[in-house]
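**Q** Residues -20 to -1, 1 to 277 (mature numbering (1 follows the signal peptide of the UniProt record, and there is no 0)) are what the sequence shown spells out, left to right.
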Amino acid sequence: MVALAILVVLSSYFSTLVSGLSPTCGSISSDTVVNVNAGIDLSEISTIAAFGDGYTSGDKTDGSELSPAVQSGTDPKAGGRYSNGPLWIEYFASNISASLRDYAVPRSLVSNDLYTAGDTADDRDFVSQSGIFMSQKSAPDPDSTLIVLYEGMEDFLRGEVNMTDAANNVVFQILKLSSSPFYGKNFLIVDSYGRGTTSEAGEAWKQEIWTGARTAYNALDISLAFADLGELLDAVVAAPTDFGYENVGPCTVDAETTEGQCSSPNTTVFYIEDYPSTTAHNLMAEFVLDILENCTE
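Given below as structure tokens:
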């Protein structure tokens, strides 16, 4: 009931915000990165297992039910989220009527093994997130589970490791998740490495992920989708008013307090620095859903 109430309140903001941007679709046979859905039937998906960083983390990193996305006191993080309300993955799960198992960890890296010991923000990297999921006895049905991988933003931000190595780690986890004991069938890879900016290094990272994932798709019995959320965020950051926002933000002074924040958080693209407002998360969810529904082959 709390989650429903939150969505009702936010609906007034959503009505004034329009994506105004349709994803550029392509084919799984493309050698370069494209938005595509090769085989995932959303009508068959009843569970989402999500891995990633603060864009996807609802603050419960073991797949258990998330706390309500409600702010408390002066803490800007709604129910532990790096946003002022629900995240894109929550909106997306709601849109397809799927339950959500969230394993994402704020500021998570792809693999801590790529970094100097003791030089990581959290020991729960993507490798450990997927390990927790695969070690749980109450595994969902692989045929009706969508595995969502939204990785690499923190590695790219730090700029300390070879991103080809990071990409290889992501692809290796796809191989593990599609093998025993889970035998995953449906994989969605999401990327927005620059959070609204582009660079040659970032495009190279994205290409590495695409090439590796497509190789896995061709070799394994899996369905694969790729969603380039950078396409949306780049456009929104470049011209926020075209999408109904007043400014890019951030709204808050920092990630620790609402004191001194802007007067209209839901009309800023970023609420906490580098982290989208809940209305931006909703646009992201709609964009990904558009890809899954309309970039099919």
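Glycine included, every Cβ here is placed at the ideal spot set by N, Cα and C.
When the Cα atoms are used, what is the spatial distance from G38 to G65?
**A** The residue you call residue 38 lines up with position 58 of the sequence shown. The residue you call residue 65 lines up with position 85 of the sequence shown. Their Cα atoms are separated by approximately 10 Å.
**Q** Rounded to whole angstroms, what is the Cα-Cα separation between S47 and K40?
**A** Counted from its first residue, the sequence shown places residue 47 at position 67. Counted from its first residue, the sequence shown places residue 40 at position 60. Within the model, the alpha-carbon separation for S47 versus K40 is close to 8 Å.
**Q** Compute the beta-carbon to beta-carbon distance between N246 and T259, rounded to the nearest angstrom, for a pair I have assumed lies under 8 Å.
**A** As a first step, residue 246 must be located in the sequence shown, where it is residue number 266. As a first step, residue 259 must be located in the sequence shown, where it is residue number 279. Their Cβ separation, rounded to whole angstroms, is 5 Å, which keeps N246 and T259 in contact under 8 Å.
**Q** Roughly how many angstroms separate the alpha carbons of D33 and V128, rounded to a whole number?
**A** Numbered from 1 along the sequence shown, position 53 holds the residue referred to as residue 33. Numbered from 1 along the sequence shown, position 148 holds the residue referred to as residue 128. Straight-line Cα distance between these residues: approximately 12 Å.
**Q** Taking buried to mean at least 16 other C-beta atoms within 10 Å of its own C-beta, is A230 buried or exposed?
**A** As a working mapping, residue 230 is identified with position 250 in the sequence shown. According to the sequence displayed, residue 230 carries Pro and not Ala. Buried, since its Cβ has 16 or more Cβ neighbours within 10 Å.
**Q** Using three-state DSSP, classify F14 as helix, strand or coil.
**A** On the sequence shown, position 34 is the one that residue 14 refers to. The sequence given here places Val at residue 14; Phe does not occur at that position. Of the three classes helix, strand and coil, the one that applies to V14 here is coil, per DSSP.
**Q** Which one of G174, S77 and S243 has the shortest CA to CA distance from G139?
**A** Position 159 of the sequence shown holds residue 139. Selected option, being the one with the closest Cα: G174.
**Q** Is it true that the CB of L157 sits closer than 7 Å to the CB of S203?
**A** To locate residue 203, count along the sequence shown from 1; it is residue 223. To locate residue 157, count along the sequence shown from 1; it is residue 177. No, the Cβ-Cβ distance between S203 and L157 is not below 7 Å.
**Q** On the criterion of 16 or more Cβ atoms from any shown chain inside 10 Å, does N17 qualify as buried, or is it exposed?
**A** Taking the first residue of the sequence shown as position 1, residue 17 is located at position 37. So N17 counts as buried.
**Q** Give me whichever residues DSSP pairs with A205 in a beta bridge.
**A** Position 225 of the sequence shown, counted from the start, is the residue given in the question as residue 205. According to DSSP, A205 bridges with N17 and L168.
**Q** Starting from residue 279 and walking both ways along the beta strand (DSSP E), at which residues does that stretch end?
**A** Absent from the model: residue 279. The displayed extent of the chain is -20 to 277, so no value can be given.
**Q** In chain order, which alpha helix (DSSP H) runs of at least 4 residues are fully inside the stretch 40 to 83?
**A** 68 to 75
**Q** Could you give the DSSP three-state label for L263: helix, strand or coil?
**A** Residue mapping note: residue 263 aligns to position 283 of the sequence shown, counting from 1. Helix, per DSSP.
**Q** Expressed to the nearest angstrom, what Euclidean distance is found between the alpha-carbon atoms of A119 and T248?
**A** Within the sequence shown, the letter at position 139 stands for residue 119. Within the sequence shown, the letter at position 268 stands for residue 248. Whole-angstrom Cα-Cα distance: 38 Å.
**Q** Are the stretch 77 to 90 and the stretch 20 to 34 touching, with three or more C-beta to C-beta distances below 8 Å?
**A** The stretch 77 to 90 makes contact with the stretch 20 to 34; the number of CB pairs closer than 8 Å reaches 3 or more.
**Q** Where D42 and S26 are concerned, what is the direct C-alpha to C-alpha distance, given to the nearest angstrom?
**A** Locating residue 42 in the sequence shown gives position 62, where the first residue counts as 1. Locating residue 26 in the sequence shown gives position 46, where the first residue counts as 1. Taking the straight line from one Cα to the other gives about 18 Å.
**Q** Sorted by chain position, which residues of the same chain lie with C-beta nearer than 8 Å to M114's C-beta, five sequence neighbours on each side aside?
**A** For the purposes of this step, residue 114 is identified with residue 134 of the sequence shown, where counting begins at 1. Contacts found: K156, L157, P161 and F162.
**Q** Check the C-beta distance from P56 over to T232 and give it rounded, since I have them as a contact under 8 Å.
**A** Position 76 of the sequence shown, counting from 1, holds the residue named residue 56. Position 252 of the sequence shown, counting from 1, holds the residue named residue 232. Right, their Cβ atoms sit about 5 Å apart.
**Q** If we count the other Cβ atoms within 10 Å of its Cβ and call it buried at 16 or more, is T125 buried or exposed?
**A** For the purposes of this step, residue 125 is taken as residue 145 along the sequence shown, with counting starting at 1. Label assigned to T125: buried.
**Q** Could you check whether the stretch 211 to 229 touches the stretch 180 to 196, counting it as contact only if at least three pairs of C-beta atoms, one from each stretch, sit closer than 8 Å?
**A** Contact between the stretch 211 to 229 and the stretch 180 to 196 is absent, because fewer than three Cβ pairs lie under 8 Å.
**Q** Tell me, please, which residues DSSP counts as bridged to C5.
**A** Taking the sequence shown and counting its residues from 1, the one referred to as residue 5 is at position 25. In DSSP, C5 forms a bridge with N15.
**Q** Might you give, ordered along the chain, the residues of its own chain that have their beta carbon closer than 7 Å to the beta carbon of I154, omitting 5 neighbours on each side?
**A** Within the sequence shown, the letter at position 174 stands for residue 154. Result list for I154: F167, A193 and A196, in chain order.
**Q** Relative to the C-alpha of V217, which residue among V228, E211, L209 and G210 is closest?
**A** As a first step, residue 217 must be located in the sequence shown, where it is residue number 237. Closest option to V217, Cα to Cα, is V228.
**Q** Measure the C-alpha to C-alpha separation of I169 and A205 and round it to an integer number of angstroms.
**A** As a first step, residue 169 must be located in the sequence shown, where it is residue number 189. As a first step, residue 205 must be located in the sequence shown, where it is residue number 225. Rounded to whole angstroms, I169 to A205 spans 6 Å at the Cα level.
**Q** Between F106 and E131, what straight-line distance do the alpha-carbon atoms span, to the nearest angstrom?
**A** Walking along the sequence shown from the start, residue 106 turns up at place 126. Walking along the sequence shown from the start, residue 131 turns up at place 151. Using only the alpha carbons, I get a separation of about 8 Å.
**Q** Please state the DSSP three-state secondary structure of A219.
**A** Numbered from its first residue, the sequence shown carries residue 219 at position 239. It is coil, neither helix nor strand.
**Q** Could you tell me if E70 is buried or exposed, where buried requires 16 or more neighbouring beta carbons within 10 angstroms of its beta carbon?
**A** Start at 1 with the first residue of the sequence shown, and residue 70 comes out as number 90. Buried, because 16 or more other Cβ atoms sit within 10 Å of the Cβ of E70.
**Q** Classify I28 as helix, strand or coil using the three-state DSSP reduction.
**A** On the sequence shown, residue 28 is found 48 positions in, with the first residue counted as 1. Three-state DSSP puts I28 in a strand.
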